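Chemist: Sequential numbering from 116 applies to the sequence shown in this note's numbering.
The structure is given below, and queries will be raised subsequently.
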Amino acid sequence: MTFVLLLVLAGLLWFSLRYAWWRPAASYRYPRILMYHMIAETCSGARFNGLRVAPGFFEKQLQWLSQQGWHSFTVSELVTQAEQLPEKSFAITFDDGYADNLLQALPLLKKYHCKATLYLVVDRFGRDWSIQRKAHHDEGELKREAKLSDEQVQEMLDSGCIELGSHSMTHANFSRLDTAAVSKELIDSRKALEERFGVPVHSFAYPFGLYRPEQIALVERAGFTSAVTTREGVEDAGSWDTLELQRIKISGKDNWLAFLLRMRGGRRGL
Ligand SMILES: [Zn+2]
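Structure (structure tokens):
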């Protein structure tokens with residue numbers, strides 16, 4: 116009997132720590148910036164399944180957002196319209212530039228009248244940037260994943276619902292680079308994207324979410340007006356730091372309850 120009780124208590128404790136259900140809802144005046152990578156089914160045994168949100172799950176999220184009266188914006192729209200945003204504003208972001216963003220995500224974005232910001236790595240072909248973070252991540256999993264060709268990026272932009280942002284030239288790890296190298300990644304990527312696609316590029320996503328505080332000024336100097344991190348949370352758009360925007364991580368490993376709680380509280384568990 117005592118054992119069963121202990122088991123139940125342990126279960127409750129696990130559930131509470133995982134979902135932090137007691138945390139109050141973050142104000143609906145605080146925009147939610149959602150971070151996605153791939154819209155794809157998970158691959159068994161793959162390391163990066165957290166980055167793969169199944170198309171059916173993505174559609175369920177978009178359907179819920181639209182039914183619950185959430186308003187879709189690009190990141191730059193959130194930043195420039197910060198003073199007049201309605202309650203329940205959100206932005207969808209895609210990092211890296213996977214081909215499924217066009218093949219799987221775009222039709223669903225159109226279906227639910229949603230916008231998104233695509234943070235594209237300029238030199239994204241034949242690279243396994245995961246080793247820039249941890250050398251032992253050398254299975255080539257992300258390298259094998261199909262990336263958007265320039266023509267496919269153009270197709271996304273032609274839809275009218277996609278903002279193009281930069282995710283650096285090579286998905287470099289800024290925490291290991293000096294000022295000159297970081298400036299080059301920032302300036303070259305913005306220039307390359309603007310020249311290649313003929314659109315202004317105002318927003319940046321820090322690769323791996325890694326950077327040193329003194330590098331933030333370099334982002335601004337390179338001409339970006341906003342930058343998103345991988346720090347989880349939501350903030351008041353009236354006072355947020357537009358060069359260190361927090362996001363809500365949408366993971367392929369999460370279930371529906373976890374999604375709802377992240378939308379409510381701005382982040383997962385403790
Ligand atoms: Zn990335």
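Note that beta-carbon positions come from the ideal geometry of N, C-alpha and C, so glycine has one too.
Model, not experiment: these values are computed from the prediction.
1) When we look at the beta-carbon of SER159 and count the other beta-carbons within 10 Å, is it buried (16 or more) or exposed?
2) Is any heavy atom in ligand 1 found nearer than 8 Å to the beta carbon of ALA307?
3) Closer than 8 Å: is that where the CB of ASP243 sits relative to any heavy atom of ligand 1?
4) On a Cα-Cα basis, can you pick out the residue from GLY353, GLU310, VAL194 and ARG138 that is closest to THR340?
5) From GLY381, PHE312 and SER264, pick the residue whose C-alpha is nearest to that of GLU350; which is it?
6) Give me the DSSP bridge partner(s) of ASP211.
7) Between the Cα of LEU218 and the Cα atoms of GLY255, PRO170, GLN330 and HIS286, which residue gives the shortest distance?
8) Any heavy atom of ligand 1 closer than 8 Å to the Cβ of HIS228?
9) What residue from VAL314, HIS286, GLN267 and PHE323 has the CA that sits closest to LEU301's CA?
10) Beta-carbon within less than 6 Å of ARG379's beta-carbon, same chain only, minus the 5 sequence neighbours each way: which residues are those?
11) Quick check on the burial criterion: 16 or more other C-beta atoms within 10 angstroms. Buried or exposed for ARG291?
12) Hey, could you find the ends of the alpha helix (DSSP H) GLU329 is sitting in?
13) Strictly closer than 5 Å from CB to any heavy atom of ligand 1: give me those residues in the order they appear in the chain.
14) To which residues of the same chain is PRO201 closer than 6 Å at the C-beta, ignoring the five residues directly before and after it?
15) Excluding the five sequence neighbours on either side, which residues of its own chain have a C-beta within less than 7 Å of the C-beta of ASP265, listed in chain order?
16) If VAL237 and MET284 are in contact, beta carbons under 8 Å, what's the gap, nearest whole angstrom?
17) Looking at the secondary structure, which residues open and close the beta strand (DSSP E) in which ILE365 lies?
18) May I ask you to report which of helix, strand or coil DSSP gives LYS258?
19) Could you give the distance in angstroms between the alpha-carbon of GLN269 and the alpha-carbon of GLU260?
20) Are any of the Cβ atoms in chain B nearer than 9 Å to that of ARG133?
21) I'd like to check one pair, GLY165 with SER298: are the Cβ atoms closer than 9 Å?
22) Can the beta-carbon of TYR234 be found closer than 9 Å to that of PHE209?
23) Going residue by residue through the region 268 to 354, where are the continuous beta strand (DSSP E) segments of at least 3 residues, counting only ones entirely within it?
24) Report all residues from its chain with a CB closer than 7 Å to the CB of LYS368; omit the five preceding and five following residues, and keep chain order.
25) Could you tell me the alpha carbon to alpha carbon distance between ARG336 and ALA231, rounded to whole angstroms?
26) Is the CB-CB distance between LEU223 and LEU177 below 9 Å?
27) Here's a check: name, in chain order, each residue in its chain whose Cβ is nearer than 7 Å to the Cβ of ASN288, leaving out the five neighbours to either side.
28) Just reading off the alpha helix (DSSP H) that PHE173 is part of, what are its end residues?
Modeler: On the basis of the data shown:
1) exposed
2) no
3) No, the Cβ of ASP243 stays beyond 8 Å of every heavy atom of ligand 1.
4) VAL194
5) GLY381
6) LEU235
7) It is PRO170 whose Cα lies nearest to the Cα of LEU218.
8) no
9) Measuring C-alpha to C-alpha distances from LEU301 to each of VAL314, HIS286, GLN267 and PHE323 identifies HIS286 as the nearest.
10) ALA140
11) exposed
12) It is not in any alpha helix (DSSP H) - GLU329 carries neither H nor E in the DSSP assignment.
13) ASP210 and ASP211
14) HIS186
15) Short of 7 Å from the beta carbon of ASP265, and not among the five residues preceding or following it, lie these beta carbons of its own chain, in chain order: ARG311.
16) 5 Å
17) From DSSP, ILE365 is part of no beta strand (DSSP E); its letter is neither H nor E.
18) helix
19) Approximately 19 Å, taken between the alpha carbons.
20) Here there is only one protein chain, and chain B is not present.
21) Result no, Cβ atoms of SER298 and GLY165 do not sit closer than 9 Å.
22) yes
23) 277 to 281, 318 to 320 and 341 to 347
24) ASN164 and GLY165
25) When rounded, the distance between both Cα atoms is 25 Å.
26) yes
27) GLN247, ARG248, PRO322, PHE323 and LEU325
28) 170 to 182
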